[in-house]
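Residues in the sequence shown are numbered from 16 upward in steps of one, following this note's numbering.
Here a beta-carbon is modelled for each residue, glycine too, at the ideal position from N, C-alpha and C.
These numbers come from a predicted model, not from an experiment.
The structure appears below as structure tokens.
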Amino acid sequence: MADVFSQLYIHLVFSPKNRKSLIHPSWEERLHKYITGVVQERGHKLLAIGGMPDHIHIFVGLKPAESISELVKEIKNASNDFVKKEKLTAEKFDWQNGYGTFSYSRSHIDAVCKYILHQKEHHQKKTFREEFLKLCADFGLEIGRKDCFEWFE
């Protein structure tokens, strides 16, 4: 059987349920490390992870043996269980249904990593909604009637 050669770079974006700001800075790094482990255990390469209390960005080199939806489902389920088991928040924690996924070429890796790692600075100027809608526009995605996130302003 022939080997598989691939180069897939995927940027994932998702939020806690109802876009609540539940990811507290005091345990954000623990969550990121846990998610990194989930991604790596499944054979993917984590390139960058970052976010804000109300959303997370994950940039991976995707192994083609697993679909993006399977990976996101596993990240959400495992990290949700982790937050609950470790009792990281007193509030009920769940990830919101839906997510954004965007593909990049190899030449964009550095820029996307910097973007994700500097979310705190970036969001001093833009809201999550503005950011996400711009990503969709940049990639030619029409939101239309799709419910990608529950926008509570």
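Within the model, the alpha-carbon separation for residue 154 versus residue 110 is close to 24 Å. Here DSSP, grouped into helix, strand and coil, assigns residue 31 to strand.
If you draw a 10 Å sphere on the C-beta of residue 69, you find 16 or more other C-beta atoms in it, and that means buried. Secondary structure note for residue 52: its alpha helix (DSSP H) is the uninterrupted segment 40-56. In this model, residue 104 and residue 98 are separated by some 7 Å (Cα to Cα). In this model, residue 80 and residue 21 are separated by some 10 Å (Cα to Cα). Put simply, the backbone Cα of residue 133 is about 20 Å away from that of residue 151. The continuous alpha helix (DSSP H) containing residue 137 extends over residues 134-137.
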